[in-house]
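Data first, discussion second: the structure below is written as C-alpha cells.
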Amino acid sequence: MTTLTNESLCALAMSEGRNWMPFTANRLVNGRGDHRVVASAKGPYYTMADGKTVFDTLSGLWCTPLGHGNPRIADALRQQAETLDFAPGFQMTHAPAVTLAARIAKMAPEGLEHVFFANSGSEAVDTALKIAIGFHKLKGEGGRFRLIGRERGYHGVGFGGMSVGGIVPNRKMFATVMVPGVDHIRHPYDHAHVAFSKGQPEWGAHLADHLERLVALHDASTIAAVIVEPVQGSTGVLVPPVGYLQKLREICTKHGILLIFDEVITGFGRMGENFASQRFGVTPDMITFAKAVTNGIIPMGGVIVTSEIYKTFMNGPDAAIEFAHGYTYSGHPMAAAVAHTVLDIMEEKGTNAAVRALEPILEEEVHALQDLKSVKDLRNIGLTAAIELNPLSDKSALRSVQLFERGLEEGVLLRVTGDTISFGPPFISTPDQIRGMTAQVRKVIISCE
Ligand code: PLP
Numbered sequence: 001m002t003t004l005t006n007e008s009l010c011a012l013a014m015s016e017g018r019n020w021m022p023f024t025a026n027r028l029v030n031g032r033g034d035h036r037v038v039a040s041a042k043g044p045y046y047t048m049a050d051g052k053t054v055f056d057t058l059s060g061l062w063c064t065p066l067g068h069g070n071p072r073i074a075d076a077l078r079q080q081a082e083t084l085d086f087a088p089g090f091q092m093t094h095a096p097a098v099t100l101a102a103r104i105a106k107m108a109p110e111g112l113e114h115v116f117f118a119n120s121g122s123e124a125v126d127t128a129l130k131i132a133i134g135f136h137k138l139k140g141e142g143g144r145f146r147l148i149g150r151e152r153g154y155h156g157v158g159f160g161g162m163s164v165g166g167i168v169p170n171r172k173m174f175a176t177v178m179v180p181g182v183d184h185i186r187h188p189y190d191h192a193h194v195a196f197s198k199g200q201p202e203w204g205a206h207l208a209d210h211l212e213r214l215v216a217l218h219d220a221s222t223i224a225a226v227i228v229e230p231v232q233g234s235t236g237v238l239v240p241p242v243g244y245l246q247k248l249r250e251i252c253t254k255h256g257i258l259l260i261f262d263e264v265i266t267g268f269g270r271m272g273e274n275f276a277s278q279r280f281g282v283t284p285d286m287i288t289f290a291k292a293v294t295n296g297i298i299p300m301g302g303v304i305v306t307s308e309i310y311k312t313f314m315n316g317p318d319a320a321i322e323f324a325h326g327y328t329y330s331g332h333p334m335a336a337a338v339a340h341t342v343l344d345i346m347e348e349k350g351t352n353a354a355v356r357a358l359e360p361i362l363e364e365e366v367h368a369l370q371d372l373k374s375v376k377d378l379r380n381i382g383l384t385a386a387i388e389l390n391p392l393s394d395k396s397a398l399r400s401v402q403l404f405e406r407g408l409e410e411g412v413l414l415r416v417t418g419d420t421i422s423f424g425p426p427f428i429s430t431p432d433q434i435r436g437m438t439a440q441v442r443k444v445i446i447s448c449e
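Mapping of the sequence shown onto full-length UniProt numbering: residues 1 to 449, in sequence order.
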C-alpha cells in the first residue's frame, strides 16, 4: 500500500487536475495549497493537511451523523472483510443484506415493507423512478409514464434524478437529454410569507395544489409518480409548510399516482425520527435512502416500498426475473455490516432523542443571527438549518468562496451554495459545539459583509 504523507497529498491536490473533483470549482482548489486538503477526521472534527482543525457543520455531505473515526465501525468493516467481503447479489444473497432489509423495513413507516439496495442516493432515486414506471405497467396502466419532481429539488445526478431535479445549474448543460415527460410542481418557499419561520411555516399548504394543475394539464392517467424531498436539503433547507405534505399525499392517492419521498438526507434520524415521513405524519409509497445508513463510511443506498408495489412485481411467471434492474454492489456485505453497526450505535445512543434535544438549541442559535445586516432568511427543522444572505448580484459566487475560506480560518467547514449556508451538524454534537459553531459562523459572516 502506498502511504501518502501530508506533503504528497498537497502535491496531489495541485497535480494539474488529475483528480477531477465533483461539484467543485477545480481550478480554484488546484493550486490553492494544503488548506483545502483533508488529512484526517475524528468525532465531529476534520484536521486539514495544514494542521487546522475544523468543525464538520454538515456531517460530511449530510452523511456522517455519528462523526468520524468510530472504532466499532472500523471493526465491523474488518470483520466482514474477513468473513465475506463480496458475494454476487444476483440470484443469491447473504445474511447481512437479508437482515438489514428486515431491520430497515421495521424502522420505516407502517406499510413500507421491502427494501431494494443500491449504492448511492442517485442510484436509489433512479431505482425508485423505474419501480414506479414498472409498477403501473404491470398493473396494465402503461400510459402512466410521467414523473413529477419539484422546483429546487435535488435527486442526484443520474438521468432520472437529474430530470426530476429542479436545481437549474445542474440541468442546463443537459437540457436535451432529460427523461421525456417530466414536469415539476412549484417549490413550497415564499420569502414574503415565511421568512424567519422557526420549524415548519404555518403558511403555504395550499402550494401543494399546484400538483392538481399538472394533473389537469397532463391527465392523471399519464402520471406515474411524484418525487419530493420532505425537507429540500441541497437547495438550502426549504421546510414544508404545515399540512403541505399531507395535501400532496391526498392528491396522489386521489389520482392513483405514487408518492416517493427522497429521504437521502432526512433518513435515519436527521428529523428526530427514523424518517421524515414519521416526523410529518405522512406515509409515501416509496422512500429512498442513502448517506447516514452507513454513516457515510462506505457507499449504500436503497428504496423501501409498500407490499402492494412488491406484490405487483411478484405476480409474473415463476422463475422469471421480475425487475430487470440492480447493481453489482446492491446490498454489498461490507456496506450491510457497517449499516448494522451504525444502526446499533444509533439505537444505543438514542440519536433520535439526541436530535430532538439539539433541535431547539440549533434553532435558537441560528435565529439569533437575525441581527446581521446581510441575513435575508433563517430556516431550521430537525438538525438542519440554513442562513440565506442577501444576494450580491455578480459578486455572490465570490462571496461564497470567501465564506468558505474564512470558515476554514475560523475553524468551521461550511457548505455554501450560492447565497445560502446550510447546516446539518453531527447528532453526536454537544450543545456547546453547536453554540461554538454559530459563534464562529457569526464572525465569518461579519467578516464578509
Ligand atoms: N437525493 C437527495 C435528497 C440528496 O440530497 C442527494 C445527495 O445529496 C442525492 C439524492 C444523491 O445522492 P448521492 O450523491 O449519494 O448520489
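From the three backbone atoms N, C-alpha and C, an ideal C-beta is built for every residue, glycine too.
Span of the beta strand (DSSP E), counted from its first residue to its last, around N380: Walking along the sequence shown from the start, residue 380 turns up at place 380. It spans V375 to I381 - the beta strand (DSSP E) in which N380 sits, taken as one unbroken run.
Under the three-state DSSP convention, the category R72 falls into: Indexing the sequence shown from 1 puts residue 72 at position 72. Here R72 carries a helix assignment [DSSP, helix/strand/coil].
Beta-ladder partner(s) of R150, from DSSP: Within the sequence shown, the letter at position 150 stands for residue 150. Looking at the DSSP assignment, R150 forms a beta bridge with I185.
Rounded straight-line distance, which links the Cα of V115 to that of V98: In the sequence shown, counting from the first residue as 1, residue 98 sits at position 98. In the sequence shown, counting from the first residue as 1, residue 115 sits at position 115. Answer to the nearest angstrom: the Cα atoms are 9 Å apart.
Which listed residue (F86, A132, H155 and Q232) has its alpha carbon closest to that of S422: Against the sequence shown, residue 422 aligns to sequence position 422. Nearest of F86, A132, H155 and Q232 to S422, Cα basis: Q232.
Expected contact under 8 Å - CB spacing of V303 and A128 to nearest Å: Residue 303 sits at position 303 when you count from the first residue of the sequence shown. Residue 128 sits at position 128 when you count from the first residue of the sequence shown. 5 Å between Cβ atoms; contact.
Coarse secondary structure for R270, derived from DSSP in three states: Your numbering for residue 270 matches position 270 in the sequence shown. In this structure, R270 counts as coil in the three-state DSSP scheme.
Under the three-state DSSP convention, the category E82 falls into: The count along the sequence shown starts at 1 and reaches residue 82 at position 82. Here E82 sits in helix by DSSP.
8 Å Cβ cutoff met for I434 and E365: Within the sequence shown, numbered from 1, the residue matching residue 434 stands at position 434. Within the sequence shown, numbered from 1, the residue matching residue 365 stands at position 365. Yes, these two residues count as a Cβ contact at 8 Å.
Between the CA atoms of V179 and S163 - distance to the nearest angstrom: If you number the sequence shown from 1, residue 163 lands on position 163. If you number the sequence shown from 1, residue 179 lands on position 179. Whole-angstrom Cα-Cα distance: 6 Å.
N-terminal and C-terminal residue of the beta strand (DSSP E) that M437 is part of: Taking the sequence shown and counting its residues from 1, the one referred to as residue 437 is at position 437. Careful: M437 lies outside any beta strand (DSSP E), inside the alpha helix (DSSP H) at P431 to S447.
Neighbourhood of R415 by C-beta distance below 6 Å, restricted to the same chain and skipping five residues each side: Residue numbering aside, residue 415 sits at position 415 when the sequence shown is read from its first letter. L58 and S422.
Residues that DSSP places opposite S40 in a beta bridge: By one-based count along the sequence shown, residue 40 stands at place 40. In DSSP, S40 forms a bridge with T47.
Cα-Cα separation, L248 to D209: Within the sequence shown, residue 248 is the residue found at index 248, counting from 1. Within the sequence shown, residue 209 is the residue found at index 209, counting from 1. L248 and D209: Cα-Cα distance of roughly 8 Å.
Nearest residue (CA-CA) to T430, options L403, G43, H187 and G204: Here residue 430 refers to the residue found at position 430 when the sequence shown is read from its first residue. Comparing Cα positions, the closest option is G43.
Euclidean distance between Cα positions of V375 and R186: For the purposes of this step, residue 375 is taken as residue 375 along the sequence shown, with counting starting at 1. For the purposes of this step, residue 186 is taken as residue 186 along the sequence shown, with counting starting at 1. Cα to Cα, V375 sits roughly 24 Å from R186.
Residue closest to G142, alpha-carbon to alpha-carbon, out of R152, I131, G149 and E151: Residue 142 sits at position 142 when you count from the first residue of the sequence shown. The shortest C-alpha separation from G142 is found at I131.
Whole-Å CB distance - G326 paired with F90, under 8 Å assumed: The residue labelled residue 326 in the question sits at position 326 within the sequence shown. The residue labelled residue 90 in the question sits at position 90 within the sequence shown. The pair is a contact, with the Cβ atoms about 6 Å apart (cut-off 8 Å).
For V293, the nearest candidate out of T420, G269 and L369 (CA to CA): Against the sequence shown, residue 293 aligns to sequence position 293. Looking at the Cα atoms, G269 is the closest of the given residues.
Nearest-angstrom Cβ-Cβ length linking P240 and F280, presumed shorter than 8 Å: Counting from 1 along the sequence shown, the entry for residue 240 is found at position 240. Counting from 1 along the sequence shown, the entry for residue 280 is found at position 280. With a Cβ gap of about 7 Å, P240 and F280 count as contacting.
Heavy atom of the ligand PLP within 7 Å of G156 beta-carbon: Position 156 of the sequence shown, counting from 1, holds the residue named residue 156. Checking every heavy atom of the ligand PLP against the Cβ of G156, one is found closer than 7 Å.
Three-state class that DSSP yields for D285 in the structure shown: In the sequence shown, counting from the first residue as 1, residue 285 sits at position 285. DSSP places D285 in coil when its eight states are reduced to three.
8 Å Cβ cutoff met for L100 and H367: For the purposes of this step, residue 100 is taken as the residue at position 100 of the sequence shown. For the purposes of this step, residue 367 is taken as the residue at position 367 of the sequence shown. No.
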